[in-house]
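Below is one structure, written out as structure tokens; comments come after it.
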Amino acid sequence: MSLKRIRLLLWLLVAPVAAGIAVLLLRQPVSQVSAGEPVAIGGPFSLTGSNGRPFSSAKLAGKPFAIFFGFTHCPDICPTTLARLARLRRQFGHGDDSFRIVFVTVDPQRDGPQEVGRYTALFDTPVIGLTGSPAQIEQVKKQFGVFSQKVEQPGAEYSVDHTAATFLFGADGKFVATIAPDEGDGVALAKLKRITS
Amino acid sequence: MRMFFAFMALSLAGCSPNKAPEIAVENGWARATVAGQDSAAAYLTIVNKGGSEDRLVSVSVPRAKMAMMHASSMDAGVMRMRAMSDGLPIPAGATVELAPNGTHIMLNGLTTPLRAGEQLPATLRFAKAGTKAITIRVEEASAR
Chain U
626 MSLKRIRLLL WLLVAPVAAG IAVLLLRQPV SQVSAGEPVA IGGPFSLTGS NGRPFSSAKL
686 AGKPFAIFFG FTHCPDICPT TLARLARLRR QFGHGDDSFR IVFVTVDPQR DGPQEVGRYT
746 ALFDTPVIGL TGSPAQIEQV KKQFGVFSQK VEQPGAEYSV DHTAATFLFG ADGKFVATIA
806 PDEGDGVALA KLKRITS
Chain R
4 MRMFFAFMAL SLAGCSPNKA PEIAVENGWA RATVAGQDSA AAYLTIVNKG GSEDRLVSVS
64 VPRAKMAMMH ASSMDAGVMR MRAMSDGLPI PAGATVELAP NGTHIMLNGL TTPLRAGEQL
124 PATLRFAKAG TKAITIRVEE ASAR
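Quick look at the structure:
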């Protein structure tokens, strides 16, 4: 076999691997934040509250908050996350004002103010439920580095894949940390302490 | 001596593997829902005390138009939920837990909202052990 042929053969072997790596890199959602890289997460936004009136992020100023993106037809992770935030806030023992819990739908097509309002009322504790026009939701998702994608399900209504982290902000409105669903309550509480102290 | 033989017989019985799967289902629960929320997740624990693998092939909950097994999985920070069309394997001797943020029974098309304190009848069908009738307890949404 000539050198040229060997080279060609090697390239043929390498090409699919390179293509695979490229696909993986491109598929990586933007929510991945690597340490040391200053990334602006959050910022001012305007959405719609569960009362149907405009909600400006200025209303969140001066108090720490935990913000989570999900959808009301989400059976597992969304109620689990909100229930956990409600429980941790109770454990905290500093009242409902110690930090606010904010839920933003990534499914504005099905979740209007009424749906979001009923859903957030489920957790026996004040939860701010927000929706908006598809364009407003897209804008806020971009600001928070949130990924979401509709997934059709055979024989059932569509589901939505979405970023599962809760974003924590201090009273100064600055992003502090995220809580992942697979992190234990101890870690979550320690992070919540960072925004409330 | 008689005692000794009885003991031997018992231990032999213990050693010879029981070939059939022996399925027990425990702790079925679901979170309460509100009107307009037509889907929910149910969680439970399946114990296989037998000597061979079984498989949970289908679930039916009359309260929902459809019940199916779903796997939630994290992929680069994104939660993805998919139907498990091949069912859920229950290996010999294993305890398989369906718990929040993981594998669950997805209830779709709830006829009425689930209220805390309710007991929902459900039927689980296993490939070998056949059907098991259970109840799913509805808990407050913020219970756990």
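Protein chains in written order, with our numbering: chain U, 626 to 822; chain R, 4 to 147.
We put the CB at the ideal spot given by N, CA and C, even for glycine.
- Segment contact: the segment 31-44 of chain R against the segment 724-743 of chain U, three or more CB-CB distances shorter than 8 angstroms; contact assigned.
- By the Cβ neighbour-count rule, His107/R is buried, with 16 or more other Cβ atoms within 10 Å of its own.
- Chain order gives the chain U residues near Asp41/R as His698 and Glu782, where near means a beta carbon separation below 9 angstroms.
- With contacts defined as CB atoms closer than 7 angstroms, Thr750/U and Ala708/U fail to qualify as a contacting pair.
- For Lys68/R, the enclosing beta strand (DSSP E) has its first and last residue at Ala67 to Asp78.
- Asp89/R has its alpha-carbon roughly 45 angstroms from the corresponding atom of Phe680/U.
- Between Ala686/U and Ile726/U, the CB-CB gap reaches or exceeds 7 angstroms.
- In this structure, the beta-carbon distance from Thr705/U to Phe693/U does not fall below 7 angstroms.
- Take Pro92/R, set aside five residues on each side of it, and the residues of its chain with a beta-carbon closer than 7 angstroms to its own are Glu56 and Arg58, in chain order.
- In this model, Ile762/U and Gly770/U are separated by some 12 angstroms (Cα to Cα).
- Proximity to Arg140/R across Arg147/R, Leu127/R, Glu121/R and Met109/R peaks at Glu121/R, based on C-alpha coordinates.
- The beta-carbon distance between Leu817/U and Phe717/U, rounded to whole angstroms, is 7 angstroms. This is short enough to meet the 8 angstroms contact definition.
- In the three-state reduction of the DSSP assignment, Ala711/U falls in the helix class.
- Per DSSP, Glu121/R is not a residue of any alpha helix (DSSP H), being assigned neither H nor E.
- Val776/U sits exposed, since fewer than 16 C-beta atoms from the chains shown fall within 10 Å of its C-beta.
- Runs of the alpha helix (DSSP H) spanning 4 or more residues and lying entirely within the segment 688-750 of chain U occur at 702-717 and 738-745, in chain order.
- Leaving aside the five residues that flank Pro103/R on each side, the residues in its chain whose CB is nearer than 7 angstroms to its CB run, in chain order, Tyr46.
- Contact note: Gln778/U reaches chain R through Ala86, using a C-beta cutoff of 7 angstroms and chain order.
- Per DSSP, the continuous beta strand (DSSP E) segment holding Arg58/R begins and ends at Asp57 to Ser63.
- The C-beta distance from Gln768/U to Phe696/U rounds to 18 angstroms, too long to meet the 8 angstroms contact threshold.
- Excluding the 5 residues flanking it on each side, Pro759/U has same chain C-beta neighbours closer than 6 angstroms at Pro733, in chain order.
- When C-alpha distances from Ile26/R are compared across Gly133/R, Ala44/R and Met109/R, the shortest belongs to Gly133/R.
- Within chain U, the residues Asp701, Ile702 and Thr705 have their CB atoms less than 8 angstroms from the CB of Pro103/R, given in chain order.
- Interface residue (Cβ-Cβ distance to chain U less than 7 angstroms): Arg83/R is classified as such.
- For Ala781/U, the secondary structure class from DSSP, reduced to helix, strand or coil, is strand.
- Cβ contact annotation for Arg83/R (same chain, cutoff 6 angstroms, sequence separation greater than five): Ser76, in chain order.
- Nearest to Ala97/R by alpha-carbon distance, out of Gly53/R, Val60/R, Met72/R and Thr138/R, is Gly53/R.
- Close CB contacts of Ala23/R within its chain, under the 6 angstroms cut and outside five residues either way in sequence, are with Gly53 (chain order).
- If you check each beta-carbon in the segment 707-724 of chain U against every beta-carbon of chain R, the ones closer than 9 angstroms belong to Leu707, Ala708, Arg709, Ala711, Arg712 and Arg715.
- The three-state reading of DSSP puts Phe670/U in coil, since its state is none of H, G, I, E or B.
- For Gly31/R, the closest alpha carbon among the candidates Lys68/R, Pro124/R, Ala95/R and Asp78/R is that of Pro124/R.
- Secondary structure at Asp786/U: strand, using DSSP grouped into helix, strand and coil.
- The beta carbon of Ile137/R sits closer than 6 angstroms to the beta carbons of Val28, Gly31 and Ala125 from its chain, once the five residues preceding and following it are set aside; these are given in chain order.
- Rounded to the nearest angstrom, the gap between the Cα atoms of Gly674/U and Pro94/R is 48 angstroms.
- Restricting attention to Gly780/U, Val765/U and Gly757/U, the CA atom closest to the CA of Arg678/U is found in Gly757/U.
- The beta carbon of Leu814/U lies closer than 8 angstroms to those of Leu713, Gln716 and Phe717 in the same chain, with the five residues before and after it left out.
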